[in-house]
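Quick mapping for you: the protein sequence lines, in order, are chains A, B and C. Numbering of the first sequence is given in the working numbering, commencing with residue 3 and proceeding in unit increments. Numbering of the second sequence is given in the working numbering, commencing with residue 66 and proceeding in unit increments. Numbering of the third sequence is given in the working numbering, commencing with residue 196 and proceeding in unit increments. Heads up, the beta-carbon is just placed ideally off N, CA and C, and yes, glycines get one too. Here the structure is laid out as structure tokens; the discussion comes afterwards.
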Amino acid sequence: MAAVTETLDTVQSVTQSGYKWGFETTIEMDFAPKGLNEDIIRLISSRKEEPEWMLEWRLKAYAAWLKMEEPQWARVDHPPIDYQDLHYYAAPKKKAGPKSLEEVDPELLKMFEKLGIPLKERALLAGVDPDTVENTQIAVDAVFDSVSVATTFQATLRKSGVIFCPISEAIREHPDLVKQYIGSVVPVADNFFAALNSAVFTDGSFVYIPKGVRCPMELSTYFRINARNTGQFERTLIIAEAGSQVSYLEGCTAPQRDENQLHAAVVELVAMDDARIKYSTVQNWYPGDANGKGGIYNFVTKRGACRGDRSKISWTQVETGSAITWKYPSCVLLGEDSVGEFYSVAVTNNHQQADTGTKMIHVGKGSRSTIISKGISAGHSNNTYRGLVRMLPSATNARNFTQCDSLLIGDQCGAHTVPYIESRNPTAKVEHEATTSKIADDQLFYCRQRGLSEEDAVGLIVNGFCKDVLKELPMEFAVEAQKLLAVSLEGSVG
Amino acid sequence: MNTGATGFLQRYEGLAGRLPGDSALRSAAAAAFKTSGLPGGTQQRRIEAWKYTSLRPVAEADFQPDSAPRHEAETVLAELLLLDAPRVVFADGTLRTDLSVMPPAGFACFADQPDFGTLSWPDREPMVALNTMLARDGAALHVPAGFDAGVVQLVSIATGDGDFHPRHSIRLAKGATLTIVEISAGKGRYLLNTVAEIHVAEGAYLTHIRLQDEAATAFHVSTTYADVATGGTYDSFTLNLGARLSRTEVRVQLSGSGAMVHLNAAQILAGSQHADFTTVVGHAAPGCSSRQTVKNVLAGRSRGVFQGKIEVARIAQKTDGYQMNQALLLSPYAEIDCKPELEIFADDVKCSHGATVGELDAEQMFYLRSRGIPDTEARSILVRAFLAEALDAVADETIRNRLETAVEQWWERQKA
Amino acid sequence: MLEIKGLTASIGDKPILNGVDLTVPPGEVHAIMGPNGAGKSTLGYVLSGREDYTVTGGTVTFNGIDLLDMEPEQRAAAGLFLAFQAPVELPGVNNANFLRTALNAIRRAHGESELDAVQFLKLARAESKRLHMPDDMLKRNVNVGFSGGEKKRNEVLQMAILRPKLAILDETDSGLDIDALKIVADGVNALRGPEFSALVITHHQRLLDYLVPHRVHVLANGRILRSGGPELAKELEKSGYAGMIAEAA
């Protein structure tokens, strides 16, 4: 016990170690005026050279949003957001698509470097001809504030029929696909933030995997909020046709600022018969400082529709950043024997607030879902798991297993579990388990007796606590995620 | 007559000044009720606490509290599974000394000594507001320090189509012991809306058994607030068998170290019955423990609801909280909704909950049948076993046998 | 007593039994041995009517009647008993009540009068005493909190009380120490007689030292590869299955 107390004392004297991704890039920006109205939406749509139907869709969403209220049910507190005090469009002034590395804005390159993106990918991201760069296995789309700045490997992917491009480009180049699927999983008026996103989204990624194609490489997007007073509203749409497979990675960072910034993304996934989509996120938006000043408000709607029989959608998330996280990656399991998975690690420290979880809506016969959620609270933070498992009358022989565990580090934080279980089919089976605990003194002692420092011991135990989730991450992300966990908890255990 | 919240409010206006007790409290409650209305009664903002239960049928019903009883109270009482112990009988919300067998001491009628208590939240709980507004009678059981008051039955019977709002106050002084067996039943299309306030002082032990076997046309709402002091125990078991719609809400505050609460329940429903068991356990002191096993057996088109929240305050280190809820769906039209919730602000705690929902276990069914037991009998054995586990929580064998009998009778009624 | 002809069965799309032929005459004890995954347990489940398995071909007659056409409880009433390899736990179901219900269901099926609680307990106590089992086993919930050995002994006790005509023991010896093994063997031996047969599924020769079989069959890849006298078990103990399977292939 003494050891822990001592550690906690040390902790309190240690200041926030510093958010390593908190730099700001000074690039000349093109801003829309602050505020939100129909004219701004028209401006966004015209800047994006969108067809008329897209503008109408946006305006419809805006009209719905005006009638909606910000949701109050999540366990998060924040001062009212002034939606008129934001820029809804911000883009680097230079035109994307340079011919060589020399033409690329050096600030943009520096940013990629700081983000830890490998050199060759940095070049690719900056738009340098991929043929001159040694091959890598990951195709990357980078979204900088409101626009996608570069997408790599488009040509290679195109050979197998895979479309991976900014959604703004997809709206122009593949309007039929976008028109058919956008808003089909998350309707425009689904919730307050989704409606807002639908009205003002500026960019994001679009992925289309044709029938029977196994995407030849991991697809990845880096999201970055850079500009001040800017909201980021990206929109991602992934369509996996029958028998196809894709693994998609998403990483997010933002500069360190005193004011809060809003991020309200929408991600829609569609999986047809036998298709598999694996969507992994490492969310590391700026969490604010040790006193809770600044940080990103991360209000995200992510939902996948398993439309086909035997289709599978798997969400894996490691949430360490943001001042507030409000996010419930969900699966609507329509197909027979379709599978939904949700693996989550959410770490909150200092004054962070996370309210995250999932919804598994079982419609199809024999549909199965697994929910593994690990919440770690430290400092003065609050960490909530909120989840829904719903078995509809049609979900004969459906199965769900849920395990949510919470770990508290220190006695000033909170850990909460709010599961909803609804079943209307007797053959459906739901099992739910939840536990809350702290790191046991005997575990710590055992590690330290074997020579580990207390900090390393805690890191080890926390990683062990999260193992069931971390092992679901693609290798490239798993290492990063483990480091992030340690960094996020720095200052909480010494 | 005006139905819904308006009807109740008009009645309150009409009775103004004639109701016993604190009129300021009543008018504050009436104001709160006017704002809130009946949960689900009108198109209004969703109340999270009433997510799965709507009192719209209550709002639409036309209660007639002043009409002549349609059945004899004696007849209704005679059908109950009473124990050979003192009993306090309320018929249509009014104390009937002629039907009661009064406990030797410490009993008073609410009408003489109104006690609205200190724990209830009329401003947050619409049905508590309604009760506070209209309560006319109730039991006040105060057990003196160190005294073992044995078993007292608290019986509510209804004989017609009225609405009744009994208000009970139960206080156990230091080291006192009491077992309350609360039985409610009746005939008619009535609403019973009980509020009870319970104080368990240091080292006292209250066992509270609740058998709800209301008429299939009745509404039953019961809200219990309990405060348990250092080393005290509140051990409660609820068996919900009857009523068209029932809501049993229990809010317990463990306010002294080492306090303990058991909130066990079983709900057995058929037809289009709806039963909601909602609990909130607040761990507000260190070293307290809470235990809950809640089982739902749902046949026909019935709907079972369980909402159970465990709150652990920052100060409540070494909390031990456990909750298990299981539901058995016996029909393709039945529905179960569960919301087991943990809200934890202390780090050195052991809190867990588990939930399972499904039908009878196929492997167990096969085992029974492979031993020669026919399908229907095997089902019935497994359902009873499922319930037996819940009833095992009732330590007193006589009382447990009564509850088992009640379950058997329910079972027989379904066959009929 | 039991006659199996060309029995094939699968679980899902996966065939497990690929044409089993086996006859167990009245009064005989037969052992079935074979490597893991041979289909031994499946045979036990298919004979007792577990729904997860689909019979795709062949016939099984039990004392002249078609076994495959019957519900599990009808098979039990007809005198078939399966001692499970891993008996399931029945929380909340009292062992004595469970057994009495089963016994009375079987007696009813035979047009016999039911036993009341007192008569039953007398019988059950006598049987458990004979099998050196503690009385409290009857008071506990079926298999709940039983050790592996206790569960197996409980299966034998049930067999003793239900008095089947054909007992299938699915690896009842696994995980038992020598004393428990003797109890299991004694339980079966006590039932031996002209009207009782047993099919003993086992991995080890050891049980067969105490429960000497008339015939030993080797089941592999869903078929009976070889049959022989008790000496076959001893041979297997020495040489293993691999050679025999290779030879048969």
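Check                                                                                                                           : Outcome
Candidates Gly423(B), Val286(B), Arg232(B): closest to Met393(A) by CA position                                                 : Gly423(B)
Cβ-based neighbour list, Asn137(A), same chain, cut-off 7 Å, excluding 5 preceding and 5 following                              : The predicted position of Asn137(A) is uncertain, since its pLDDT is 41 and thus under 50; no value can be drawn from it.
Chain-ordered residues of the segment 423–442 of chain A with a beta carbon less than 8 Å from chain B                          : Ile423, Glu424, Ser425, Arg426, Asn427, Pro428, Thr429, Ala430, Lys431, Val432, Glu433, His434, Glu435, Ala436, Thr437, Thr438, Ser439, Lys440
Integer-rounded CB distance, given that Gly373(B) should sit under 8 Å from Ala350(B)                                           : Between Gly373(B) and Ala350(B) the Cβ distance is about 20 Å, and since that is not below 8 Å, they are no contact.
Alpha helix (DSSP H) runs wholly inside the segment 380–453 of chain A, at least 4 long, in chain order                         : 443–451
Segment limits, beta strand (DSSP E) that includes Thr344(B)                                                                    : 339–348
Coarse secondary structure for Leu456(B), derived from DSSP in three states                                                     : helix
Inter-stretch contact (C-beta, 8 Å, three-pair minimum) for the segment 392–408 of chain B and the segment 211–221 of chain C   : no
Beta-bridge pairing of Asp261(C) - partner residues as DSSP gives them                                                          : Thr256(C)
Per-residue contacts from Thr237(C) into chain B (C-beta, under 9 Å)                                                            : Correct list: empty, because the minimum Cβ distance to chain B is about 14 Å.
C-beta neighbour in chain B for Gly412(A), strict 8 Å                                                                           : yes
Contacts of Phe284(B) in chain C (Cβ-Cβ under 8 Å)                                                                              : Result: empty, since nearest Cβ-Cβ is about 31 Å, beyond 8 Å.
Where the beta strand (DSSP E) through Ile375(B) begins and ends                                                                : 368–377
Beta-carbon contacts of Asp192(A) that lie in its chain and below 7 Å, excluding the five residues immediately before and after : Thr303
Closer than 8 Å to chain B by CB, Ala272(C)                                                                                     : yes
Residues bridged to Arg152(B) (per DSSP)                                                                                        : Val166(B), Gln218(B)
Runs of beta strand (DSSP E) lying entirely within the segment 77–125 of chain B, each at least 3 residues, in chain order      : none
Integer-rounded CB distance, given that Phe467(A) should sit under 8 Å from Leu410(A)                                           : Not quite, the Cβ-Cβ distance comes to about 12 Å (not below 8 Å), so this is no contact.
Sequence-distant residues of its chain with Cβ nearer than 8 Å to Asp426(B) (five each side left out)                           : Leu447
Residues from the segment 380–405 of chain C in contact with chain B, defined by Cβ distance under 9 Å                          : none
CB contact check: Arg379(B) to chain E, cutoff 8 Å                                                                              : Among the chains of the structure shown, chain E does not appear; the protein chains present are A, B and C.
Candidates Gly203(B), Glu125(B), Tyr270(B), of which the one nearest Ala261(B) by Cα                                            : Gly203(B)
Chain B contact residues for Gln353(C), given Cβ-Cβ distances below 9 Å                                                         : Arg436
Residues within the segment 413–428 of chain B neighbouring chain A, beta-carbon criterion of under 8 Å                         : Asp413, Val414, Lys415, Cys416, Ser417, His418, Gly419, Ala420, Thr421, Val422, Gly423, Glu424
is_contact[Lys383(B), chain A] using C-beta, thresh 8 Å                                                                         : no
Within chain A, partners of Phe431(B) - CB distance below 9 Å                                                                   : Per Cβ cutoff of 9 Å: no residues; Phe431(B) is ~16 Å from chain A at best.
Cα-Cα separation, Val377(B) to Phe128(B)                                                                                        : 41 Å
Residues of its chain near Cys406(A), where Cβ-Cβ distance is below 6 Å and the 5 sequence neighbours each way are ignored      : Ser375, Tyr387, Thr419, Ala436
Any C-beta of chain B under 8 Å from that of Thr350(A)                                                                          : no
For Gly312(B), three-class secondary structure by DSSP                                                                          : Correcting the residue type first, residue 312(B) is Arg in the shown sequence and not Gly. Here Arg312(B) sits in strand by DSSP.
Proximal residues to Phe479(A) (C-beta, below 7 Å), its chain only, five neighbours per side dropped                            : Leu251, Ser282, Val284
Members of the segment 452–477 of chain B that neighbour chain C once the beta carbon cut-off is set at 7 Å                     : Ala453, Glu454
DSSP three-state assignment for Met219(A), whether helix, strand or coil                                                        : coil
Alpha carbon of Asp458(A) to alpha carbon of Asp413(A), nearest angstrom                                                        : 20 Å
Assigned exposure category for Thr134(A) - 16 Cβ within 10 Å defines buried                                                     : Residue confidence for Thr134(A) is low, a pLDDT of 41 falling below 50, so the modelled location carries little weight and cannot support an answer.
Span separating the alpha-carbon of Asn352(A) from that of Ala292(A)                                                            : 5 Å
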